[in-house]
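Residue 1322 in the working numbering is what sits at position 172 of the sequence shown, and the numbering runs on without skipping anything.
Here's the structure we're looking at; comments come further down.
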Amino acid sequence: MEQAFAAAGLDWRYLTCEVPPDKLADAMRGLRALGFKGANFTIPHKVAVIEHLDSLSPAAELMGAVNCMNRVDSKLIGENTDGKGFFQSLREVCNPAGMKIEILGAGGAARAIAVELALNGAGQITIVNRSAERGQALADLLRQRTSAKADFVQLSGEHRIAADAAVFINATSIGLSDANARVPVAVDSLRPELIVADVVFNPPQTWLVRTAADRGCPALDGIGMLVNQAVISFQIWTGQSPDANVMREALEEFLEI
Ligand code: NDP
């Protein structure tokens, strides 16, 4: 973000602060007092921060999670750029309107992606998750609050991706910090015409991305989503478009890839 500010000739700073959960309220009061223009939030603050904001964008309200704050005058507005970042990545390989999409996971990333895809016309979204409660809640949200059809399948053993699914997304943390962690899908259900995407970006060449590519599937890693959500945050705060290549290169340098 700082390299993108510099490349755009903006004298802005982006500070990384580790805030313990019991200090979030103090941190948000401090952020108001210091006149910050914006902020990003990550685990474990994406839901908890909502009560410290003045309003939410419609998508953030639906997702029930905020990863980006934008100050407009004295009001702090919660946004969610995770889902939009993912959508932009996916849009480079297909238009998901009307498509049947399977999402593994029902946590923060899955909620953001599912809602964004539903708001952009996805036809049918199947949520596959280990915990029934979270998975069912996300499928219910999609059915009740968007025009997408949605259902829930409980993960048990190896999941077989439906033969008529066009896109399969791993939105769990499986693969984070472990390039060999296996996503529980049947490898022979990865058909060459299936678009496969992984949210995990560290390392980007996850077991799923490698296996899908070996099977001939177009495979998207989590780097595109990460860069795009930062690009969108930058646009929200500054009203300008950053050089996405500068951001991607800085990220690749940081991740040593
Ligand atoms: P959450 O903790 O909110 O959700 C985790 C999800 O993973 C849940 O659905 C959980 O299932 C599932 N899960 C975890 N371990 C297993 C397992 N062993 N078997 C089956 N399911 C499992 O995390 P987030 O949604 O916030 O983050 C998920 C991933 O997305 C992280 O790796 C994060 O880094 C990445 N991410 C990437 C972004 C990007 O820009 N590329 C942006 C945001 C997140 P259950 O409900 O049963 O516990």
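Glycine included, every Cβ here is placed at the ideal spot set by N, Cα and C.
Three-state secondary structure (DSSP) of residue i
i, result
"Gly1372", "coil"
"Gln1294", "helix"
"Asp1364", "helix"
"Gly1188", "strand"
"Gln1390", "coil"
"Leu1254", "strand"
"Val1337", "helix"
Enclosing beta strand (DSSP E) for residue i [first to last residue]
i, result
"Val1350", "Note, Val1350: premise wrong, no beta strand (DSSP E); not H, not E."
"Val1222", "1218-1222"
"Val1303", "1299-1304"
"Val1317", "1317-1320"
C-alpha distance - residue i paired with residue j, whole-angstrom precision
i, j, result
"Ser1323", "Ile1373", "14 Å"
"Gly1258", "Gln1153", "27 Å"
"Ala1363", "Leu1254", "18 Å"
"Gly1235", "Val1169", "24 Å"
"Gln1355", "Asn1245", "24 Å"
"Leu1174", "His1195", "8 Å"
"Thr1296", "Asn1320", "22 Å"
"Ala1189", "Asp1161", "16 Å"
"Glu1399", "Ala1156", "14 Å"
"Ala1209", "Val1335", "30 Å"
"Arg1332", "Arg1182", "43 Å"
"Gln1424", "Leu1184", "Look at the range of the chain in this structure, 1151 to 1407, and you will see that residue 1424 is not part of it."
"His1202", "Phe1191", "12 Å"
Sheet register partners of residue i (DSSP bridge)
i, result
"Ala1272", "Ala1247"
"Ile1227", "Ser1205, Asn1220"
"Ile1277", "Ile1253, Phe1302"
"His1195", "Looking at the DSSP assignment, His1195 forms no beta bridge with any residue, so it has no partner."
Cβ-Cβ separation, residue j to residue i (assumed contact under 8 Å), whole Å
i, j, result
"Leu1345", "Val1317", "Inspection of the sequence shows that residue 1345 is occupied by Ile rather than by Leu. Yes, Ile1345 and Val1317 are in contact; Cβ-Cβ is about 5 Å, under 8 Å."
"Val1216", "Gly1233", "So it is not a contact: roughly 12 Å between Cβ atoms."
"Ala1282", "Gln1304", "5 Å"
Extent of the continuous alpha helix (DSSP H) run through residue i
i, result
"Gly1235", "1232-1241"
"Glu1152", "1152-1157"
"Gly1180", "1174-1183"
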